[in-house]
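Note sheet for the following structure.
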Amino acid sequence: MIVLLTLLVMVLFGLGFLNGMWWVVAAVVVLAGLRYGRYGYDGWGRGDDSGFRNYRDYRDRVDRWDRRYSRQRRGRWNRQDREDRQDRERYR
Numbered sequence: 134m135i136v137l138l139t140l141l142v143m144v145l146f147g148l149g150f151l152n153g154m155w156w157v158v159a160a161v162v163v164l165a166g167l168r169y170g171r172y173g174y175d176g177w178g179r180g181d182d183s184g185f186r187n188y189r190d191y192r193d194r195v196d197r198w199d200r201r202y203s204r205q206r207r208g209r210w211n212r213q214d215r216e217d218r219q220d221r222e223r224y225r
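Written out as structure tokens, the structure is:
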């Protein structure tokens, strides 16, 4: 797919020497490919931060698991888990 998109941009760029409007079309194709392509890159910002959210949720689950099943200071970890759940419910 990327090969076809590259060929299309090259052809449109070549046609731009005949009429400048083709350069505009080539630029629109490149921007659309970047914005709506496989990775959904947004050139004007960070874009979708769901990857970061997924990592944060994973990290929180691992931390809770480690706290819950550690042998030392189990009461403190359980109390922090309750506070974390209350905070999470408060901000949903």
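In terms of the numbering used here, the sequence shown opens at residue 134 and continues consecutively. From the three backbone atoms N, C-alpha and C, an ideal C-beta is built for every residue, glycine too. Computed from a predicted model, the values in this text were never measured in an experiment.
CA-CA distance, glycine 153 to phenylalanine 185, rounds to 41 angstroms. Glycine 149 and alanine 159 do touch by the CB rule: their CB atoms are close to 6 angstroms apart, below 8 angstroms. In this structure, DSSP gives asparagine 152 a state outside helix and strand, which the three-state scheme calls coil. With contacts defined by Cβ atoms closer than 8 angstroms, valine 144 and valine 163 do not form a contacting pair. Spatial neighbours of tyrosine 169 in its own chain (CB-CB distance under 7 angstroms, excluding positions within 5 residues in sequence) are not present.
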